[in-house]
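As you go down the protein sequences, you meet chains C and Y in turn. Residues in the first sequence are numbered consecutively from 1, following this note's numbering. Residues in the second sequence are numbered consecutively from 1001, following this note's numbering. For every residue, glycine included, the Cβ atom is placed at its ideal position computed from N, Cα and C. Because the structure is a prediction, the values reported are computed rather than measured.
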Amino acid sequence: MAGRFANLEFDERHGHDIQPQVVGETGPDARYYLDRAFEARCWNEHEQALRTYTRCLQEDRTAIVAWVGQVQMLVELREYAEARTWSDKALEVFRNNGELSAAKAQACARMGDFEGAQAASDNSMKAPGCSPWRWSSRAEVLLARSQRHHEECFTRALSEPDTELYDRVTICRIYRYYKRPTNALVFLQPVLEAHPELGYLWLERGYCELDLGMSAAATRCFERSLEVRQDSRAAAQALAAIGRRTLWGRICAGTRRWRRR
Amino acid sequence: MQCINCGFENMPASMNCAQCQSRLMLDDICVVPARASALRLKTRFFKMRHLTERSLGGIGRVLSRVAKGLRLAIPEHIDWRAIAWTVIPGLGHRRSGQRRLGTALLVTWIVCLVLGLLTFPSDWYPWFVAGMVTVHSLAFISLMAPNLNYEGFIIRALFGVLLYVILSRFVYGALGSFGQNYFVGFALPPNMPAIGPVQGGDGIIAEGRWLHSTPYQRGDWVFYSTTQASGIVVRKGTGLDQIIAVPGDTLKLSREGITVNGGLPEDVGDFQQMMKQLSAESSFVLLEGEYAIAPRSISVNMHGHPRFDPYYVQALIVRTQDTILGRPVLRTWPWSRFGFLNRGA
Chain C
1 MAGRFANLEF DERHGHDIQP QVVGETGPDA RYYLDRAFEA RCWNEHEQAL RTYTRCLQED
61 RTAIVAWVGQ VQMLVELREY AEARTWSDKA LEVFRNNGEL SAAKAQACAR MGDFEGAQAA
121 SDNSMKAPGC SPWRWSSRAE VLLARSQRHH EECFTRALSE PDTELYDRVT ICRIYRYYKR
181 PTNALVFLQP VLEAHPELGY LWLERGYCEL DLGMSAAATR CFERSLEVRQ DSRAAAQALA
241 AIGRRTLWGR ICAGTRRWRR R
Chain Y
1001 MQCINCGFEN MPASMNCAQC QSRLMLDDIC VVPARASALR LKTRFFKMRH LTERSLGGIG
1061 RVLSRVAKGL RLAIPEHIDW RAIAWTVIPG LGHRRSGQRR LGTALLVTWI VCLVLGLLTF
1121 PSDWYPWFVA GMVTVHSLAF ISLMAPNLNY EGFIIRALFG VLLYVILSRF VYGALGSFGQ
1181 NYFVGFALPP NMPAIGPVQG GDGIIAEGRW LHSTPYQRGD WVFYSTTQAS GIVVRKGTGL
1241 DQIIAVPGDT LKLSREGITV NGGLPEDVGD FQQMMKQLSA ESSFVLLEGE YAIAPRSISV
1301 NMHGHPRFDP YYVQALIVRT QDTILGRPVL RTWPWSRFGF LNRGA
């Protein structure tokens, strides 16, 4: 029963102040929502980010960043079929948009439709312009097919002129999804050393170390993340999950640690 | 109006951008994406579908490489996805664009399937199954035909024959064998006299051993396998007779005939008369899994003397459950008497 109302927005419950403010050139409220959505996705609050992107689009339907964000959040929430459908709908509005094609490629790759993913990735590269996200998506398609050169694509993504700090987090999450935490840490570590004040970077590192079976190190990372932001649900849930581990979970973690030596 | 997607300046009131065809008027567009259910059924379905296509394609590529290694003539550049869809003949053609041919193959196959089911297990049934296998083989061959690099007619013919044999033995034959665990078909000979609910020439479906859930009851008509008991010549094959006693019942064979739990079994026909020729008495209790039937199709000839030995007859009329093939449930042939057979009728 509670699940039916799980997606209603109770601002007080989430602890976010989503009062509209007049900022930015995209629209009076859209920029504010974009920033809030970005913050939510940094902290792994994908459901909140999706809702905020939707609010942004209700203010300004031309915000392509929000359309792309919606598809990406659906992918993070593992609703791949819906993500693909929504990317197709967005592409009907914004034809041959490279970012949307790249998002569709990611959805197809995670669903196992490698041919569709390759075609969408090719379309995104052919579209005018370039961005780190297109290269990251292409790298994910190669990674999904276990083909080589994905690392080169990720490196190329980071060499784009408009690359940002969050692009490394994107790469880290892609590697984690395909169960390559070591590769994920390679891309995450430099930015973490440069910006230790960003709590969500510690959160990502905690996930990587958990995947490597290093529970103690992961716990420290999650606690560090909570020091930066006390109400981070993702960090709190991760810590609780570590505490609730059964004997079998500890054995699996130990096995992973041993294999990764 | 400037297009958000490509930046092209369009005429006012344009609906779509002249350069990239993106929509310009976005006010009526829905911005709330459809969400998945808790089970994410759509995603799971597509994941499974793509995985199946990849697996079948992968198996096909492996077989192709193996065949090349063995220097067999296997065509290259085959549309393996269409081959995978040809699990149902015609679907591969429809997906690869050959809609008419695909529809023709599909419809023909379905017609053969339906007619085969309707005539099962009469003499017509094998012909319709052969038709299904032929259509299936043609579907595969027509998908491979444009890319065949065979040098001679003989190799092509051998390939077709091999494909037909593989499909009939290892696909349809395997499915049929598996299906016999659920339903068993019997085509009764035309000159067979009427027995119980059936007549000569009937096509009967009996429930198989995996479908049979409730124990057999007294009065059930069942198919059972007949085997030769020592000293008794019995027509080898399958019999159809009535169960007269179930596990736990006490059977007594004597000159008065056969009794079950002290009483006479109902309607066993000439069997009682045959039992009255016994020279000795015998009494026993049926164990777990044993059933007594009243066989009407036995000719007993022990060393040329028309005598019955109760021990041999015991071995014959008491059948264990694994020799009972099933209870007839449906008459499919002739169509004029198509219908279900009531239990004990």
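Check	Outcome
Chain-ordered neighbours of R78 of chain C on chain Y, where CB pairs are closer than 9 Å	A1036, R1040, T1043
Three-way DSSP call (helix, strand, coil) for D88 of chain C in this model	helix
Backbone CA spacing between R259 of chain C and E227 of chain C [nearest angstrom]	31 Å
Proximity to R244 of chain C [Cα-Cα], best of C:G129, C:T219, C:V93, C:S101	C:T219
Interface positions of the segment 111-126 of chain C facing chain Y (Cβ-Cβ less than 7 Å), listed along the chain	M111, G112, D113
Continuous alpha helix (DSSP H) stretch holding V1184 of chain Y: start and end	Looking at the DSSP string, V1184 of chain Y is not in any alpha helix (DSSP H); the run it does join, the beta strand (DSSP E), is 1183-1187.
C-beta contact flag for R1209 of chain Y and N1191 of chain Y at 8 Å	no
Neighbour flag for N1010 of chain Y against chain C, beta carbons, 8 Å	no
Within-8 Å CB hit, F1170 of chain Y to chain C	no
Proximity test, Cβ basis, 8 Å: G1060 of chain Y and chain C	no
Counted within 10 angstroms of its Cβ, other Cβ atoms place W1335 of chain Y as buried (16 or more) or exposed	exposed
CB contact check: I64 of chain C to chain Y, cutoff 8 Å	yes
CA nearest to the CA of F222 of chain C, picked from C:L165, C:G199, C:G213	C:G199
C-alpha distance - A109 of chain C paired with E164 of chain C, whole-angstrom precision	24 Å
Whole-Å CB distance - A91 of chain C paired with H46 of chain C, under 8 Å assumed	For the record, residue 91 of chain C in the displayed sequence is Leu; it is not Ala. Actually they do not touch by this definition, with Cβ atoms about 22 Å apart.
A66 of chain C versus A1034 of chain Y: straight-line alpha-carbon distance, rounded	16 Å
Proximal residues of chain Y, C-beta to C-beta of R95 of chain C below 7 Å	N1005, C1020, Q1021, S1022
Chain-ordered neighbours of R61 of chain C on chain Y, where CB pairs are closer than 8 Å	L1026, D1027, I1029, V1031
K1068 of chain Y (DSSP reduced to helix, strand or coil)	helix
Buried or exposed by the 16-neighbour rule on C-beta atoms within 10 Å, applied to V191 of chain C	buried
At least 3 beta-carbon pairs within less than 8 Å: the segment 1088-1096 of chain Y vs the segment 1104-1111 of chain Y	yes
With 16 other Cβ atoms within 10 Å as the buried cut-off, status of P1121 of chain Y	buried
Sub-8 Å separation of R95 of chain C and S1022 of chain Y beta-carbons	yes
Beta carbon proximity, L1056 of chain Y to chain C, threshold 8 Å	no
Buried/exposed call for V1114 of chain Y, threshold 16 Cβ in 10 Å	exposed
For D167 of chain C and S215 of chain C, believed in contact at Cβ under 8 Å, the rounded distance	The pair is not a contact, with the Cβ atoms about 29 Å apart (cut-off 8 Å).
8 Å Cβ cutoff, L1118 of chain Y in contact with chain C	no
Neighbourhood of G1200 of chain Y by C-beta, 8 Å cutoff - its chain only, sequence neighbours within 5 removed	L1188, P1189, P1190, N1191, M1192, P1193, A1194
Runs of alpha helix (DSSP H) wholly within the segment 160-189 of chain C (minimum 4 residues, chain order)	165-177
Segment contact flag, the segment 1282-1296 of chain Y with the segment 1248-1268 of chain Y, C-beta cutoff 8 Å, min 3 pairs	yes
Beta carbon of N1005 of chain Y nearer than 8 Å to that of N97 of chain C	yes
Cβ of L142 of chain C within 8 Å of any chain Y Cβ	no
Interfacial residues, the segment 41-54 of chain C to chain Y, with Cβ spacing under 8 Å	L50, T54
CB contact check: P196 of chain C to chain Y, cutoff 8 Å	no
Three-pair Cβ contact test at 8 Å for the segment 1051-1064 of chain Y versus the segment 121-139 of chain C	no
Interface partners of L57 of chain C on chain Y, CB under 7 Å	V1031
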